[in-house]
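Take a look at the structure below.
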Amino acid sequence: ARIKAEEEAKKKAEEEARIKAEKAEEARKQSEEAARIRAEEDARIQAEEEEARMLAEKKARSEAIFKNMLTAGACFAALFVLIIGSSIYNKSQYFIKTNKDSIEIWQGAFSPRGKNHILTLPGVAGPEVAKEAYTRSEVMPLAFNFYMEQAIEESRKRGTPDFDKVEKLLKKAQTFASSQDERQAVAARLQGITQAIENYKAEVARP
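In the UniProt record's numbering, the protein residues as written are 1 to 207.
Right under this line is the structure:
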């Protein structure tokens, strides 16, 4: 009976030890599984945070690039407007270069700077008050008067006037007329030339 009791006690102890070992193993597995799940969750959260950070950085870079492009575009537009405005203003200006026996008339080019030579007027004096730049209405009368005087002088020469030459000089003056009075004066003289030519032809045709 004693031996049997000892064997039963031994079996009971072994069973308890086995159960205890199984519980310990189960607890270890559960702990490892929980640790694995926590690690995976931490890795997932870290990956999401990293992705969110990268997206935020990408968005910030895109916004910065867009802002820089807007700024550059605005600067370019302002510069373009400034250049166009300066070009228009420069083209509206005229310049007079006085030489020993003539003057040169220049017009501003369609650019912020630069000039184009229009014509040279021999024997013409420059304006009494010299200026850095002139308006069209200030310089065109110089050319108009020059060609008108040439036409009048040619028409008053002795003998038969060179009507073609007079007409060319008048039409040249016409291109520089800057007022209604000047245009009317040229038109009247051109009409007079036409009438003079017709009268001359009629006189020559008489028997």
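All C-beta atoms in this analysis are idealised placements derived from N, C-alpha and C, irrespective of residue type, glycine included.
Within its own chain, the residues whose Cβ lies closer than 8 Å to the Cβ of residue 193, once the five positions on either side in sequence are excluded, are 155, 163, 166, 167 and 170, listed in chain order. For the pair residue 24 and residue 53, the Cα-to-Cα distance works out to about 42 Å. Under the three-state reduction of DSSP output, residue 165 falls in the helix class. Bounds of any alpha helix (DSSP H) do not take in residue 95; it lies within the beta strand (DSSP E) bounded by 94 to 98.
DSSP, reduced to helix, strand and coil, places residue 135 outside both helices and strands of the structure shown, so it counts as coil.
For residue 175, the three-state secondary structure derived from DSSP is helix. Using a C-beta cut-off of 8 Å, the segment 105 to 115 makes contact with the segment 69 to 88, since at least three inter-stretch Cβ pairs fall below that distance. Using a Cβ distance threshold of 8 Å, residue 186 and residue 174 count as a contacting pair. A residue is called buried once 16 or more other Cβ atoms fall within 10 Å of its Cβ, and residue 105 is buried on that count. Bridge partners of residue 107 according to DSSP: 94 and 116. Excluding the 5 residues flanking it on each side, residue 93 has same chain C-beta neighbours closer than 6 Å at 108 and 133, in chain order.
Between residue 119 and residue 143, the CB-CB gap stays under 8 Å.
Using a Cβ distance threshold of 8 Å, residue 102 and residue 122 count as a contacting pair. Around the beta carbon of residue 147, a 10 Å sphere encloses 16 or more other beta carbons of the protein chains shown; the residue is thus reported as buried. If you draw a straight line from the Cα of residue 71 to the Cα of residue 59, it is about 18 Å long. Ranked by Cα distance from residue 138, the options 27, 159 and 176 are led by 176. Around the beta carbon of residue 2, fewer than 16 other beta carbons lie within 10 angstroms, which makes this residue exposed. For residue 121, DSSP records a beta bridge to 103.
DSSP places residue 160 outside both helix and strand once states are collapsed to three, so it counts as coil.
Here the alpha carbon of residue 191 sits roughly 36 Å from the alpha carbon of residue 99.
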